[in-house]
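Here's the structure we're looking at; comments come further down.
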Amino acid sequence: MVKQVEIEVDTILFDMDGTLIDSTPAVNATWASFAHQYNLDLSFVMQTCHGYRTVENLKRFIPSIPDEQIAAEVERFESNILVVAKQNAQRGIGGSIVAMPGAKELLSQINIGRPQVANAKGNHGWAIVTSATKAYAQQGFVSAGVSEQPKVFITSDLCTKGKPDPQPYLLGAEKTNQDITRCLVVEDAPPGVRAGKLAGAKTLALRTTHSGEKMQQEGADYIVEDLRSVKAQWKQDGSGLILTIQVEEPEKGEAKGISSLAIQLQKDNQMHVTKVNGIA
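Residues 462 to 741 in the numbering used here are what the sequence shown lists, from first letter to last.
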């Protein structure tokens, strides 16, 4: 059952991959390359890696990497995502970095509709809080063509702890000069939802990567299929946003699985991975 709700927030703190942009084919291809090099169980890695920082994933899956080499491997991993995405785009086979459904429209509503009084107060209405490094995140976001970059862009380089620790979202609220309890965290991964909840924010979970059941288990305040279910307009005094959300309300404790769109994307992405050979 879908129910329309209206909420007021001061700003939105967005996760990036799987929320605003889709880089899955290039990420999967990069993991395939690392799995071949380090003899990893690719299926297990793909089921458990999303939402965590690359540095933590590499330490978890490849503990043999010496501490003094981990930073270089993180850079190689994330740089390769950009390389693969660019190659895919040049070949015209799909699998480049693209905007997630509804992302452009929602950010446009926030950016174009922002009143002068909000600008004067320094409230831009949104920021990005990602587990990716600055080098990858900013290039990846630009490549997707979603929007101009946000004024506040929290990357893993700025944090000593990653999601599900609340530190990234607390830093996002601090840098936007907003009370975290008046922020909405938008996520597609359980670690991110958990981080938002621990930080004290309201959380909106997308079914673009994981099932509604998993998001429900993390205590997400709102669950939607994707960002097409969210509309934004500014309050007249510029103090924040009014969001209209088509919220999914599970019946009898049952939550929906991963969205049909996400299932199709996963199938397409798997096909793209099989087409990519000779990854560095």
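Even glycine gets a Cβ: it sits at the ideal position worked out from N, Cα and C.
*Residue ranges of each alpha helix (DSSP H) run of no fewer than 4 residues wholly in the region 523-598, ordered along the chain?*
Runs of alpha helix (DSSP H) with 4 or more residues, each lying fully within the region 523-598, are found at 528-552, 564-573, 577-582, listed in chain order.
_Just to confirm my understanding: we take Ala564, look at its own chain, exclude 5 residues before and 5 after, and list those with CB closer than 6 Å. What are they?_
Contacts found: Leu481, Val607, Leu688.
_Straight-line Cα distance separating Phe522 from Leu532_ = For clarity, residue 532 is Ala in the given sequence; the question names Leu instead. Computed Cα separation, rounded: 15 Å.
*Could you tell me which residues DSSP pairs with Ile706 in its beta bridges?*
Bridge partners of Ile706: Val466, Val691.
_Rounded separation between Asp471 and Val544 - CA only_ = Looking at the two C-alpha atoms, the distance is approximately 37 Å.
*When DSSP labels each residue in this structure, what does Tyr513 get in the three-state scheme?*
Tyr513: coil per DSSP, three-state reduction.
*Rounded straight-line distance, which links the Cα of Lys624 to that of Leu704*: Using only the alpha carbons, I get a separation of about 25 Å.
*Below 6 Å CB to CB, which residues in the same chain sit around Lys663 once its five sequence neighbours on both sides are set aside?*
Same-chain partners within the cutoff: Leu645, Asp682.
_Going by DSSP in three states, Val607 sits in which element: helix, strand or coil?_
Coil.
*Leu503 and Ala493: beta carbons closer than 8 Å?*
Yes.
*According to DSSP, which residues form a beta bridge with Tyr683?*
Answer is Leu665, bridged to Tyr683.
*asked:* Under DSSP, the alpha helix (DSSP H) around Thr485 begins and ends at which residues?
replied: It spans 485-499 - the alpha helix (DSSP H) in which Thr485 sits, taken as one unbroken run.
*Using DSSP with H/G/I as helix, E/B as strand and the rest coil, what is Asp478?*
Under the three-state reduction of DSSP, Asp478 is assigned to strand.
*Just mark Gly714 as buried or exposed, buried being the case when its beta carbon has 16 or more other beta carbons within 10 Å.*
In this prediction, Gly714 has a pLDDT of 48, which is less than 50 and means its spatial position is unreliable; what the coordinates show is noted afterwards. Label assigned to Gly714: exposed.
_Restricting to Cα atoms, I'd like to know which of Arg668, Gly555, Ser672 is closest to Ser690._
Residue nearest to Ser690 within the set Arg668, Gly555, Ser672 is Arg668 (criterion: CA-CA distance).
_Distance, Glu609 Cα to Ala550 Cα_ = When rounded, the distance between both Cα atoms is 21 Å.
*asked:* For the beta strand (DSSP E) containing Val647, name the first residue and the last one.
replied: Segment 644-648, the beta strand (DSSP E) holding Val647.
*Sorted by chain position, which residues of the same chain lie with C-beta nearer than 8 Å to Val578's C-beta, five sequence neighbours on each side aside?*
Here the set comprises Asp698, Gly699.
*Does the Cβ of Glu635 have 16 or more other Cβ atoms within 10 Å, making it buried, or fewer, making it exposed?*
With fewer than 16 Cβ atoms within 10 Å of its Cβ, Glu635 is classed as exposed.
*Give the straight-line distance between the Cα atoms of Leu619 and Gly633, rounded to the nearest whole angstrom.*
One C-alpha to the other measures close to 10 Å.
*Return the Cβ separation of Asp478 and Ala593 in integer angstroms, given the expectation that the two are a contact with Cβ distance under 8 Å.*
In this structure Asp478 touches Ala593 by the C-beta definition: roughly 7 Å separates them, less than 8 Å.
*What separation, rounded to the nearest whole angstrom, lies between the Cα atoms of Gln694 and Ala666?*
In a straight line, the C-alpha of Gln694 is about 20 Å away from that of Ala666.
*With 16 other CB atoms within 10 Å as the buried threshold, where does Glu615 fall?*
According to the sequence displayed, residue 615 carries Ile and not Glu. With 16 or more other Cβ atoms within 10 Å, it is buried.
*Where Ser672 and Gln678 are concerned, what is the direct C-alpha to C-alpha distance, given to the nearest angstrom?*
Near 10 Å, if we compare the C-alpha coordinates of Gln678 and Ser672.
_Buried or exposed, going by whether 16 or more other CB atoms sit within 10 Å of the CB of Gly601?_
With a 10 Å radius around the Cβ and a threshold of 16 neighbouring Cβ atoms, Gly601 comes out buried.
*asked:* Taking the beta carbon of Thr515 as the centre, do at least 16 other beta carbons fall within 10 Å, making it buried, or is it exposed?
replied: Thr515 comes out buried.
*With a 10 Å radius around its C-beta and 16 neighbouring C-beta atoms as the bar for buried, classify Val647 as buried or exposed.*
It is buried - the Cβ of Val647 has at least 16 other Cβ atoms within 10 Å.
*How is the alpha helix (DSSP H) around Pro629 delimited, first residue to last?*
If you look at Pro629, you'll find it in the alpha helix (DSSP H) that goes 628-636.
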